[in-house]
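J.:
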Amino acid sequence: MTSTRSQEWSGGLDKKGLAGEMTSAICLSVSLILLEFRPPSGLARSSVLHASRCLCLSDKAIKSHYHLAHSKQMTSSHKSAFSTDMVFKTHHDLIEWVQNKGRSLGYIIIIKRTKVKPSGWISKTTLMCDRGGIYKSVKPSTRNTKSKKINCPFQLAGKHSKLYGIWTLQVVCEKHNHEPASSMEGHPYAMRLSDKETRLVVDLIKKNVKPSDILSTLKEQNKDNVSSLQTIYNARQKYLGKLKELTIPSTEEPFRRMNHEPLRHSSYMEQKNHSCSYINQLPNLFHPYITHIHNVKSDGNCGFRAIAVCLGFNEDAWPTIRYDLMEELNTHRDEYDEIFGRECRLKLHNSLNFFRSDIAASLEYWMTLHDIGILIASRYNVILHCLNVGDSMTYLPLRSTPPVWYQHVAIAVGHVNDNHYVKLDLQGGYPMPPVVPQWVHFKHVCASAWVTPYINRLNMYAQHYNARYY
Numbered sequence: 003m004t005s006t007r008s009q010e011w012s013g014g015l016d017k018k019g020l021a022g023e024m025t026s027a028i029c030l031s032v033s034l035i036l037l038e039f040r041p042p043s044g045l046a047r048s049s050v051l052h053a054s055r056c057l058c059l060s061d062k063a064i065k066s067h068y069h070l071a072h073s074k075q076m077t078s079s080h081k082s083a084f085s086t087d088m089v090f091k092t093h094h095d096l097i098e099w100v101q102n103k104g105r106s107l108g109y110i111i112i113i114k115r116t117k118v119k120p121s122g123w124i125s126k127t128t129l130m131c132d133r134g135g136i137y138k139s140v141k142p143s144t145r146n147t148k149s150k151k152i153n154c155p156f157q158l159a160g161k162h163s164k165l166y167g168i169w170t171l172q173v174v175c176e177k178h179n180h181e182p183a184s185s186m187e188g189h190p191y192a193m194r195l196s197d198k199e200t201r202l203v204v205d206l207i208k209k210n211v212k213p214s215d216i217l218s219t220l221k222e223q224n225k226d227n228v229s230s231l232q233t234i235y236n237a238r239q240k241y242l243g244k245l246k247e248l249t250i251p252s253t254e255e256p257f258r259r260m261n262h263e264p265l266r267h268s269s270y271m272e273q274k275n276h277s278c279s280y281i282n283q284l285p286n287l288f289h290p291y292i293t294h295i296h297n298v299k300s301d302g303n304c305g306f307r308a309i310a311v312c313l314g315f316n317e318d319a320w321p322t323i324r325y326d327l328m329e330e331l332n333t334h335r336d337e338y339d340e341i342f343g344r345e346c347r348l349k350l351h352n353s354l355n356f357f358r359s360d361i362a363a364s365l366e367y368w369m370t371l372h373d374i375g376i377l378i379a380s381r382y383n384v385i386l387h388c389l390n391v392g393d394s395m396t397y398l399p400l401r402s403t404p405p406v407w408y409q410h411v412a413i414a415v416g417h418v419n420d421n422h423y424v425k426l427d428l429q430g431g432y433p434m435p436p437v438v439p440q441w442v443h444f445k446h447v448c449a450s451a452w453v454t455p456y457i458n459r460l461n462m463y464a465q466h467y468n469a470r471y472y
């Protein structure tokens, strides 16, 4: 009977309740003993009652001490998902680890504040849930606006040890006051691109890759990527916006002043906008295949403008084309020294180094496609055709493994008036001009397959021109 009673009593209470019952029972027993106790003379009964009350008041202290000890025990036995013994080399590594861990749990973790020393050294960073904090309206309004901020208490602290040069992570509060997201799909913060992904997207945009193919590439490289097609469009718009900044002051300015200043050189010669005048300066063999001729401004940058349009940019992005080709030349300096010779490479570098938009580019900065064509094809991973009545050529990438043939990107420009470039649209099946000897002799082994799908079209061009001499 005693055993059953004991089981019922202990089974009906949790540990906290059991502690409370025990301390209350002890307090009551001691109080009864003190009340039955007959104090000797000189000891007032009120003193005994006071001692009893003090003991009963200590009931709360006992409970509080138990709860505190129990809490510490729970803390040691329950480890937060963010508790880690890892150390991080950089602030970026710490943030990346925390955010990846948060996404896997259904939470988005963001930076709340960062403590930066006057020297620029980051000593501490505080992280929070994206639903932490309280929304504060900037403008007073009677409109009932909704916010995802619900004052979530979750908080982490990252600290940097200047002595050891490492970052450590501490859990300040692991609790969330909301349920985790069942999926990160559609979450605006989760759809953001990392720095590495942004660089990849920009590189693919420069190569004229379609947004849908860019998104597929991102998801292939990162299975957890939840970016949408709109994310890619936004990234492209941001990139194009930066290109416009490079052309300030406006490239229109020299043309506004043309009525007040003499022409500086032949690049300012007025170019006729009629397609018929240009098509007559291109090989007859290509006339049936040319569907459109896009003229660009004649300011000494026309070659770079035409390439920008070919790659899907506005022609005012010509400074970016120059910069990209300089970067291509510098990155693969030894390779181009072998192809062109060091002196010629330096001359090419100098010809690209022109970014002024307030004056026209002089002759030394004009595009010489015979040399620069191989840089364009290799930098942007495209097939480039240059059509000219005298000498049409094809340029292929030097170093890259080609994608499947239907993903190849081919662009074409025409050289007219002996000093001007235009962008050409060619319909499929056109004869292909011969590949430049530079590619034939200096291509990497992995790039050899670029030419394979076009053997018949190269032969078509060769047969046409060979027939002219027989």
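With the sequence shown counted from 1, adding 2 to any position gets you this note's numbering. Beta carbons are placed, not taken as given, at the ideal position from N, Cα and C, and that holds for glycine.
Could you tell me which uninterrupted alpha helix (DSSP H) segments, each at least 4 residues in length, are contained entirely in the segment 270–357, listed from first to last along the chain?
T.: With a minimum length of 4 residues, the continuous alpha helix (DSSP H) runs that stay inside the segment 270–357 are 277–281, 304–312, 320–333, 335–342 and 344–354.
J.: Taking the Cβ atom as the reference point for each residue, do D423 and G305 lie within a distance shorter than 7 angstroms?
T.: Along the sequence shown, one-based indexing puts residue 423 at 421. Along the sequence shown, one-based indexing puts residue 305 at 303. For clarity, residue 423 is Tyr in the given sequence; the question names Asp instead. In this structure, G305 lies closer than 7 angstroms to Y423 by Cβ.
J.: Counting beta carbon pairs with one atom in the segment 394–406 and one in the segment 421–439, are three or more of them shorter than 8 angstroms?
T.: Yes: at least three Cβ pairs fall under 8 angstroms.
J.: Could you tell me whether any Cβ in chain D is nearer than 7 angstroms to the Cβ of T86?
T.: The chain inventory of the structure shown lacks chain D, comprising one protein chain alone.
J.: Give the straight-line distance between the Cα atoms of V453 and N383, rounded to the nearest whole angstrom.
T.: For this step, residue 453 is matched to residue 451 along the sequence shown. For this step, residue 383 is matched to residue 381 along the sequence shown. Computed Cα separation, rounded: 13 angstroms.
J.: Is the distance from the Cβ of K203 to the Cβ of I216 below 7 angstroms?
T.: Within the sequence shown, residue 203 is the residue found at index 201, counting from 1. Within the sequence shown, residue 216 is the residue found at index 214, counting from 1. Contrary to the premise, residue 203 reads as Val rather than Lys in this sequence. Their beta carbons are under 7 angstroms apart, which means V203 touches I216 by this criterion.
J.: With 16 other CB atoms within 10 Å as the buried threshold, where does V406 fall?
T.: Working through the sequence shown from its first residue, we reach residue 406 at position 404. Exposed, by the Cβ-count rule.
J.: How is the alpha helix (DSSP H) around W368 delimited, first residue to last?
T.: Start at 1 with the first residue of the sequence shown, and residue 368 comes out as number 366. Per DSSP, W368 belongs to no alpha helix (DSSP H) and is neither H nor E.
J.: Output the distance between the C-alpha atoms of H296 and H162, rounded to the nearest integer angstrom.
T.: In the sequence shown, residue 296 corresponds to position 294, counting from 1. In the sequence shown, residue 162 corresponds to position 160, counting from 1. Computed Cα separation, rounded: 56 angstroms.
J.: Hey, S152 and L129 are a contact pair by Cβ (cut 8 angstroms); roughly how many whole angstroms apart?
T.: For the purposes of this step, residue 152 is taken as residue 150 along the sequence shown, with counting starting at 1. For the purposes of this step, residue 129 is taken as residue 127 along the sequence shown, with counting starting at 1. As written in the sequence, residue 152 is Ile, which differs from the Ser given in the question. About 17 angstroms separates the two Cβ atoms, so there is no contact after all.
J.: Is the distance from the Cβ of C346 to the Cβ of L371 below 7 angstroms?
T.: Working through the sequence shown from its first residue, we reach residue 346 at position 344. Working through the sequence shown from its first residue, we reach residue 371 at position 369. Cβ atoms of C346 and L371: not closer than 7 angstroms.
J.: Would you say L287 and H466 are within 7 angstroms of each other, going by their C-beta atoms?
T.: Residue 287 sits at position 285 when you count from the first residue of the sequence shown. Residue 466 sits at position 464 when you count from the first residue of the sequence shown. Result yes, Cβ atoms of L287 and H466 sit closer than 7 angstroms.
J.: Taking Cβ positions, are A414 and L428 nearer each other than 7 angstroms?
T.: Taking the sequence shown and counting its residues from 1, one reaches residue 414 at position 412. Taking the sequence shown and counting its residues from 1, one reaches residue 428 at position 426. For A414 and L428, yes; Cβs fall inside 7 angstroms.
J.: Shortest alpha-carbon distance to T333 belongs to which of G392, S380 and N303?
T.: Taking the first residue of the sequence shown as position 1, residue 333 is located at position 331. For T333, the nearest C-alpha among the options comes from S380.
J.: If you follow the beta strand (DSSP E) that D427 is in, where does it begin and where does it stop?
T.: In the sequence shown, the residue the question calls residue 427 occupies position 425. Run containing D427: H422 to L428, per the beta strand (DSSP E) assignment.
J.: According to the neighbour-count rule (16 or more other Cβ atoms, all chains shown, within 10 Å of its Cβ), is W123 buried or exposed?
T.: On the sequence shown, position 121 is the one that residue 123 refers to. It counts as exposed.
J.: Nearest to A464 by alpha carbon, out of A451, L171 and Y432?
T.: Looking up residue 464 in the sequence shown gives position 462. The shortest C-alpha separation from A464 is found at Y432.
J.: Go through its chain and collect everything with a Cβ distance to S125's Cβ below 7 angstroms, but skip five positions before and after it.
T.: Translated into the one-based positions of the sequence shown, residue 125 becomes position 123. Excluding positions up to five away in sequence, the list reads K117, K119 and H162.
J.: Verify whether the separation of the beta carbon atoms of L96 and G160 is less than 7 angstroms.
T.: On the sequence shown, residue 96 is found 94 positions in, with the first residue counted as 1. On the sequence shown, residue 160 is found 158 positions in, with the first residue counted as 1. Yes, the pair counts as a contact, with Cβ atoms nearer than the cut-off.
J.: Does DSSP classify T454 as helix, strand or coil?
T.: Your numbering for residue 454 matches position 452 in the sequence shown. In the structure shown, T454 sits in a helix (DSSP, three-state: H, G or I).
J.: Distance, Cα to Cα, A183 vs L195?
T.: Your numbering for residue 183 matches position 181 in the sequence shown. Your numbering for residue 195 matches position 193 in the sequence shown. Approximately 19 angstroms, taken between the alpha carbons.
J.: By Cβ distance, which residues of its chain are closer than 7 angstroms to C154, with the 5 residues on each side in sequence left out?
T.: Position 152 of the sequence shown, counting from 1, holds the residue named residue 154. The answer, listed in chain order, is C131, R133, G134, H178, N179 and H180.
J.: How many angstroms separate the CA atom of L231 from the CA atom of H443?
T.: In the sequence shown, the residue the question calls residue 231 occupies position 229. In the sequence shown, the residue the question calls residue 443 occupies position 441. Approximately 40 angstroms, taken between the alpha carbons.
J.: Counting along the chain, where does the alpha helix (DSSP H) carrying R201 start and finish?
T.: Numbered from its first residue, the sequence shown carries residue 201 at position 199. Taken as a continuous stretch (DSSP letters only), the alpha helix (DSSP H) holding R201 covers D197 to K208.
J.: Can you check DSSP and say which residues form a bridge with R115?
T.: Stepping through the sequence shown from its first residue, residue 115 is reached at position 113. Paired residue(s): T128.
J.: Which of the three DSSP states, helix, strand or coil, is assigned to H387?
T.: Here residue 387 refers to the residue found at position 385 when the sequence shown is read from its first residue. Looking at H387 - three-state DSSP - the assignment turns out to be strand.
J.: By the DSSP assignment, the alpha helix (DSSP H) with V100 in it spans what residues?
T.: Position 98 of the sequence shown holds residue 100. Run containing V100: H93 to L107, per the alpha helix (DSSP H) assignment.
J.: Alpha helix (DSSP H) containing S214: first to last residue?
T.: Position 212 of the sequence shown, counted from the first residue, corresponds to residue 214. Residues P213 to Q223.
J.: Contact check, L426 vs I292 under 8 angstroms by CB: the rounded distance?
T.: Indexing the sequence shown from 1 puts residue 426 at position 424. Indexing the sequence shown from 1 puts residue 292 at position 290. Yes, L426 and I292 are in contact; Cβ-Cβ is about 6 angstroms, under 8 angstroms.
J.: Considering only the beta carbon of each residue, do Q283 and V391 sit closer than 7 angstroms?
T.: Mapped onto the sequence shown, residue 283 falls at position 281. Mapped onto the sequence shown, residue 391 falls at position 389. Cβ atoms of Q283 and V391: closer than 7 angstroms.
J.: As a quick exercise: from K225, N458, T219 and P213, pick the residue whose alpha carbon is nearest that of Y235.
T.: On the sequence shown, residue 235 is found 233 positions in, with the first residue counted as 1. The shortest C-alpha separation from Y235 is found at P213.
J.: On a Cα-Cα basis, can you pick out the residue from R238, K164 and L331 that is closest to I376?
T.: Numbered from its first residue, the sequence shown carries residue 376 at position 374. The shortest C-alpha separation from I376 is found at L331.
J.: W441 lies in the alpha helix (DSSP H); which residues open and close that run?
T.: Residue 441 sits at position 439 when you count from the first residue of the sequence shown. Per DSSP, W441 belongs to the alpha helix (DSSP H) from P439 to F444.
J.: To the nearest angstrom, how far is it from the Cα of T86 to the Cα of K103?
T.: Taking the sequence shown and counting its residues from 1, the one referred to as residue 86 is at position 84. Taking the sequence shown and counting its residues from 1, the one referred to as residue 103 is at position 101. Cα to Cα, T86 sits roughly 11 angstroms from K103.
J.: Assign P455 to buried or exposed, taking buried as 16 or more other Cβ atoms, counted over all protein chains shown, within 10 Å of its Cβ.
T.: The sequence position of residue 455 within the sequence shown is 453, counting from 1. Exposed.
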